[in-house]
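Counting in the working numbering, the final residue of the sequence shown is number 516, and the numbers go up one at a time with none missing.
Ideal placement from N, C-alpha and C gives every residue a C-beta, glycine not left out.
Below is one structure, written out as structure tokens; comments come after it.
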Amino acid sequence: MAVLSDVLFGVSLKTWLALYVPTFTLLYYVSWAVYARTVHPLAKVPGPFWPSISRTWLMYHHHKGDIEIVERALHTKYGPLLRIAPDEVVCAKPEYLPHIYPTTKPLQKTDWYHPWRPQGLDSQPDLFTQTDEKAHSAYRKVVGGVYSFSSIAKNEANMDEILSLFMDRLNNFADKGEPFDFGMWLEMYSFDNVGVALFGQAFGFLKDSVDYRNYIHSVHLAMPFLTLLTVTPSYTRPFLLLVAVCIPRLLKAVLAVEDIKKSAILETQAAMERSVEVTGKRPDLMSQLLAIVQDKGDKVNYTHKDITSDMWVGIMAGADSTSITMRSIFYFLMKNPAKLVKVRAEVDEAFEKGALSSPVQYGPASSLPYLNAVVREAVRLFPAFAVSQPRYVPHHGMELCGTFIPAGYTVGLNPAIIQHDRSVFGEDALQFVPERWLESEERSRLMDKAILAWGAGTRTCVGRPLALTQVYKVTAETLRRFDINMANDQPWKIHNASFNVQTGVICYVTQRLL
């Protein structure tokens with residue numbers, strides 16, 4: 003003991019720092035690595051070395067924006083069950099979707115969702131970030147009807163004005179004969195629709211041909227940073243925020259989140275002032291939510307702050323996700339001319355028979371079989387949300403791909419992985435083939451069960467009706483009135499910051515002679 007005491011305490015602080023601290027640190031990490039790879043309950047799950055010992059692998063690839071590409075390659079190498087962090091696995095088999103995201107007794111959401119909720123907006127989480135299932139169910143019962151197809155349909159006349167204005171902008175580009183960023187203009191179109199549906203009036207993206215209040219720029223700055231926070235260990239998130247203050251690019255992202263939060267507050271206040279005299283009569287979602295607060299807010303625990311929180315989600319996620327789907331549709335059609343000819347012929351025939359008229363309405367457009375198949379195939383092939391949606395394994399554990407996963411660990415499915423599964427979608431699963439959705443009702447139902455793009459179980463996307471209404475209207479109207487071609491043969495560029503955003507959809511547009 004005396005010898006040990008002399009070794010430990012008979013040295014200077016400088017020696018401790020120079021020799022013993024690095025030695026003990028190295029021993030700790032070596033011991034942890036050995037444990038994580040051999041004795042850890044998830045050691046039997048295959049995967050590369052780095053993610054099995056540290057979440058920094060996830061952080062790196064989320065920051066790089068290629069997580070779905072890397073996961074897809076690793077599943078090919080290691081199999082359908084993959085360890086992507088010391089305590090987390092992802093599954094590539096669609097048949098496990100109802101096990102991880104069941105409609106009854108849902109698995110609890112993890113702290114992955116916490117960074118998405120900005121501090122200071124509200125006293126309770128919104129529908130997306132709420133991790134308590136009972137609270138989520140109660141919240142959805144209060145507001146779910148406001149986001150339904152029937153509710154969105156009440157706003158369609160106002161959305162027609164946005165569609166007509168978008169057509170005018172495309173006419174302007176056709177007259178100029180110059181290439182333009184079609185993908186960016188689709189996002190501007192979507193943002194104005196979000197303004198109409200949520201707040202009762204367009205933001206002004208199309209009217210003024212500007213990025214209104216820098217919403218698009220702010221969202222594209224904020225999403226990568228928030229995505230990085232989601233996979234960062236919760237105990238190190240405050241440190242990452244502190245570091246962000248010292249790094250200009252990360253600081254801009256933090257400030258962008260604050261800007262969007264302030265905008266949600268301002269837009270909500272302005273919409274409330276417009277609605278105060280006619281609440282319940284205006285069709286916009288804000289007015290309907292305000293009516294809930296006034297009629298039964300105290301009884302159902304829904305307040306003005308909850309409205310602001312819901313509007314934050316709409317601004318942050320509503321347009322970005324929808325524009326990704328619209329870009330996918332037009333991009334895949336331009337890259338597959340035969341499919342473009344086929345869907346345009348269907349749209350033209352519908353116009354000639356009077357089934358469609360301008361401005362296109364959602365109902366008739368969504369009933370066109372091939373157009374419907376095109377939309378579904380684009381959503382399948384390139385889902386807007388392309389990261390795992392993690393859940394905690396319940397107390398009794400669960401089996402995935404023949405491997406038992408103990409309680410408390412994290413499991414998930416990535417839509418961008420399971421929606422490419424060849425056993426469900428065929429050997430051509432990586433190709434754009436709308437016809438697969440028209441082969442038979444039985445196959446269509448089977449494929450639908452493997453679609454996670456809109457969520458699953460008790461956590462489906464409430465924004466789906468608004469998104470699809472925009473998608474069908476703009477797709478059919480644009481196909482009818484314009485020829486659109488890529489300005490070059492270069493593929494688009496993508497960056498996965500949870501929303502898998504594409505850039506480089508630069509096009510020429512010409513008016514069709516009808």
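Going by C-alpha positions, Pro48 is about 20 Å away from Val233. When beta bridges are read from the DSSP output, Val503 appears opposite His497. Between Gln421 and Ala455, the gap from beta carbon to beta carbon is short of 8 Å.
Runs of the beta strand (DSSP E) spanning 3 or more residues and lying entirely within the region 50–99 occur at 83–87 and 90–93, in chain order. For Phe387, no alpha helix (DSSP H) run applies, since DSSP gives it neither H nor E. In this structure the region 314–323 touches the region 219–233; the number of beta carbon pairs closer than 8 Å is three or more. Rounded to the nearest whole angstrom, the CA to CA distance from Thr27 to Leu257 is 36 Å. By the neighbour-count criterion, in which 16 or more other beta carbons inside 10 Å mark a residue as buried, Asn157 falls on the buried side. Val473 sits in a helix when the DSSP states are folded into three classes. Three or more beta-carbon pairs separated by less than 8 Å link the region 33–44 to the region 85–94, which places the two stretches in contact.
Partner residues in the beta bridge of Lys111, as assigned by DSSP, are Arg393. Here Pro235 has Arg57 as same chain residues with Cβ atoms under 8 Å from its own Cβ, once five neighbours each way along the sequence are excluded. Distance from the CA atom of Ile267 to the CA atom of Glu443, rounded to whole angstroms, is 46 Å. The beta carbon of Asn498 sits closer than 6 Å to those of Gly67, Ile69, Glu70 and Ala388, all from its chain and outside the five residues before and after it, given in chain order. Three or more pairs of CB atoms, one per stretch, sit closer than 8 Å, so the region 371–382 contacts the region 337–355. Scanning Lys301, Phe353, Ile407 and Thr270 for the CA closest to the CA of Arg85 turns up Ile407. The Cβ atoms of Ala478 and Ala367 sit closer than 8 Å to each other.
When Ala159, Val503 and Val196 are compared, the shortest CA-CA separation from Pro361 is found for Ala159.
The three-state reading of DSSP puts Gly414 in strand, counting E and B together.
Contact fails between the region 422–431 and the region 107–117, because fewer than three Cβ pairs, one in each stretch, are under 8 Å apart. For Thr405, the uninterrupted beta strand (DSSP E) run begins and ends at Thr405 to Ile407, by DSSP.
By the neighbour-count criterion, in which a residue is buried when 16 or more other Cβ atoms sit within 10 angstroms of its Cβ, Ala75 is exposed.
Per the C-alpha coordinates, the member of Lys209, Val507, Gln504 and Tyr394 positioned closest to Asn195 is Lys209. Its Cα nearest to that of Ala489, the residue Phe184 stands out among Ile262, Cys403, Phe184 and Gly414. Secondary structure remark: continuous alpha helix (DSSP H) runs of at least 4 residues inside the region 160–206, in chain order: 184–196.
For Gly465, the three-state secondary structure derived from DSSP is coil. Where Val511 is concerned, the enclosing beta strand (DSSP E) starts and stops at Ile508 to Gln513.
For Leu200, the CB contacts under 7 Å within the same chain, skipping 5 residues up- and downstream, are Asp286, Leu287, Met288, Met313 and Gly316 in chain order.
About 6 Å separates the CB atoms of Gly147 and Ser153; that is less than 8 Å, so the two are in contact.
Around the Cβ of Gly404, a 10 Å sphere holds fewer than 16 other Cβ atoms; the residue is exposed. Per DSSP, Met328 is not a residue of any beta strand (DSSP E); the alpha helix (DSSP H) it occupies stretches across Ala321 to Lys337. The C-alpha of Pro53 is placed about 13 Å away from the C-alpha of Val36.
Scanning its chain for C-beta atoms nearer than 7 Å, with the 5 sequence neighbours on each side dropped, one finds around Gly399 the residues Phe406, Ile407, Pro408 and Ala409, in chain order. Within the same chain, Cβ atoms closer than 7 Å to the Cβ of Pro104 are found at Gly459, the five residues on either side in sequence being excluded. Spanning the alpha carbons of Thr505 and Val212 requires a straight line of approximately 18 Å. Assignment of Asp485 by DSSP, reduced to helix, strand and coil, places it in the strand class.
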